[in-house]
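Novice:
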Amino acid sequence: MNRYISSFAMTIVIYTSLVASIIYMAEKQYEASESKESIDNTKIVVVSLMREHPCTEQKQLKKVEKKPKKEVQKKVVKKEKLKPKVEQKAVVEKIVQKEVVKEKIIEKEVIIEEIVAEVEEEVVEQQVEDIKAQEEEELREQKLQEMLAAKQKELDSFTLQLVQKINENKRYPLSARRRGVEGDVDVKFIVLADGGVSAIKVIAGKSIFKKATIQAIEESFPLNVEKSLIDFPKEFNIKLAYTLK
Numbered sequence: 001m002n003r004y005i006s007s008f009a010m011t012i013v014i015y016t017s018l019v020a021s022i023i024y025m026a027e028k029q030y031e032a033s034e035s036k037e038s039i040d041n042t043k044i045v046v047v048s049l050m051r052e053h054p055c056t057e058q059k060q061l062k063k064v065e066k067k068p069k070k071e072v073q074k075k076v077v078k079k080e081k082l083k084p085k086v087e088q089k090a091v092v093e094k095i096v097q098k099e100v101v102k103e104k105i106i107e108k109e110v111i112i113e114e115i116v117a118e119v120e121e122e123v124v125e126q127q128v129e130d131i132k133a134q135e136e137e138e139l140r141e142q143k144l145q146e147m148l149a150a151k152q153k154e155l156d157s158f159t160l161q162l163v164q165k166i167n168e169n170k171r172y173p174l175s176a177r178r179r180g181v182e183g184d185v186d187v188k189f190i191v192l193a194d195g196g197v198s199a200i201k202v203i204a205g206k207s208i209f210k211k212a213t214i215q216a217i218e219e220s221f222p223l224n225v226e227k228s229l230i231d232f233p234k235e236f237n238i239k240l241a242y243t244l245k
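So, in structure tokens, the structure goes:
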């Protein structure tokens with residue numbers, strides 16, 4: 001058994017050494033071939049450079065000789081053509097600008113004058129309208145005051161006549177006459193649209209004159225009432241005097 005194992009180990013060692021030697025030789029050959037290829041490449045590059053150099057110098061010389069001639073001709077032509085054109089444009093632009101500015105100023109002045117005139121006319125018209133409106137308002141107020149004054153005058157006259165009629169119907173109470181009692185009575189009542197009377201009430205005064213006052217007012221109605229004079233029903237407050245003669 002040991003003999004078989006030792007023989008197997010020896011065969012493995014022999015095979016591995018052979019494989020290693022083969023790999024080593026292959027690597028050496030590969031390195032030698034690469035070095036040869038690099039040397040050949042450098043030689044080719046050098047040769048190509050040596051061949052291309054003189055051609056490029058000739059081309060550059062030709063280009064340098066041709067360029068100055070073309071540039072000189074173009075510059076001369078451009079200078080001769082541009083000078084007169086630039087001067088003409090400058091003159092034309094100045095003349096046009098001056099004329100346009102003058103026209104604009106005149107138009108603005110005319111427009112401003114027209115606007116001012118229109119504004120002044122509108123202001124004057126508005127003032128005239130305001131004065132007319134004020135005068136009309138004053139006339140209306142004056143007429144209203146005159147109408148109210150006339151109504152008040154008629155109302156005062158109506159009230160005076162009413163008080164006179166009530167005084168005519170007034171009777172002095174006998175108990176007050178015997179005792180010599182005198183005094184004033186304040187009374188209010190409502191005159192109706194049909195000339196009647198209602199809501200008679202003594203406001204102030206001696207109670208001895210109350211009954212006589214109410215009777216005097218009731219006997220003074222109905223009245224002939226002008227509806228255009230007063231807005232009926234209308235409340236009246238009057239004072240009746242009781243004095244002995």
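Residue numbers (UniProt numbering): 1 to 245.
In this text, a Cβ means the ideal position worked out from N, Cα and C, and glycines have one as well.
#1: Evaluate F8 with the Cβ neighbour count: other Cβ atoms within 10 Å of its Cβ, from every protein chain shown; 16 or more gives buried, anything less gives exposed.
#2: Leaving out five residues before and five after residue 248 in sequence, what residues of the same chain have Cβ atoms less than 6 angstroms from its Cβ?
#3: Do I208 and V181 have their C-beta atoms within less than 8 angstroms of each other?
#4: Flag this pair as yes or no: are the beta carbons of K170 and A133 separated by less than 8 angstroms?
#5: Taking the beta carbon of A193 as the centre, do at least 16 other beta carbons fall within 10 Å, making it buried, or is it exposed?
#6: Between E235 and E137, what straight-line distance do the alpha-carbon atoms span, to the nearest angstrom?
#7: Using a 10 Å radius around the Cβ and a threshold of 16 neighbouring Cβ atoms, would you call L15 buried or exposed?
#8: Tell me which same chain residues have a C-beta within less than 7 angstroms of the C-beta of R177, skipping the five on either side of it?
#9: Where does L162 land, buried or exposed, given buried means 16+ other C-beta within 10 angstroms?
#10: Just curious, the alpha helix (DSSP H) that K227 is in, first and last residue?
#11: When the Cα atoms are used, what is the spatial distance from I166 to E219?
#12: Using 10 angstroms around the beta-carbon of V187, count the other beta-carbons present and answer buried if the total reaches 16, otherwise exposed.
#13: Distance check for E122 and N224, CA to CA, integer angstroms please.
#14: Relative to the alpha-carbon of L174, which residue among M10, Y242, P222 has its alpha-carbon at the smallest distance?
#15: Quick check on D184: does DSSP put it in helix, strand or coil?
#16: If G196 sits next to F221, beta carbons under 8 angstroms apart, how far is it from one beta carbon to the other, in whole angstroms?
#17: If you reduce the DSSP assignment to three classes, tell me which class L139 lands in.
#18: Would you give the residue range spanned by the alpha helix (DSSP H) that A199 belongs to?
#19: Would you check if the distance between the CB atom of G183 and the CB atom of K206 is smaller than 8 angstroms?
#20: Within its chain, find whatever has a CB closer than 6 angstroms to the CB of Y172; leave out the 5 residues flanking it on each side and keep chain order.
#21: Specify, as a first and last residue, the run of the alpha helix (DSSP H) that A193 falls within.
Specialist: The relevant details are as follows:
#1: Exposed, by the Cβ-count rule.
#2: Beyond the ends of the chain as shown, which are 1 and 245, falls residue 248; an answer cannot be given.
#3: Yes, these two residues count as a Cβ contact at 8 angstroms.
#4: No. Outside cutoff.
#5: Under this definition A193 is an exposed residue.
#6: E235 and E137 have their C-alpha atoms some 32 angstroms from each other.
#7: As written in the sequence, residue 15 is Tyr, which differs from the Leu given in the question. Under this definition Y15 is an exposed residue.
#8: Within the same chain, R177 has close Cβ partners L244.
#9: In this structure L162 is buried. Its beta-carbon is surrounded by 16 or more other beta-carbon atoms within 10 angstroms.
#10: Where K227 is concerned, there is no enclosing alpha helix (DSSP H), given that its DSSP letter is neither H nor E.
#11: Spanning the alpha carbons of I166 and E219 requires a straight line of approximately 8 angstroms.
#12: V187 counts as buried, since at least 16 other C-beta atoms from the protein chains shown sit within 10 angstroms of its C-beta.
#13: N224 and E122: Cα-Cα distance of roughly 58 angstroms.
#14: Ranked by Cα distance from L174, the first of M10, Y242, P222 is Y242.
#15: When secondary structure is reduced to three states using DSSP, D184 falls in the strand class.
#16: With a Cβ gap of about 6 angstroms, G196 and F221 count as contacting.
#17: DSSP places L139 in the helix class (H, G or I) of the three-state scheme.
#18: Taken as a continuous stretch (DSSP letters only), A199 belongs to no alpha helix (DSSP H), being part of the beta strand (DSSP E) at 197–204.
#19: It is a contact, given that the beta carbons lie within the stated cut-off.
#20: Here the set comprises nothing.
#21: Membership of A193 in any alpha helix (DSSP H) is not indicated, and neither H nor E is assigned to it by DSSP.
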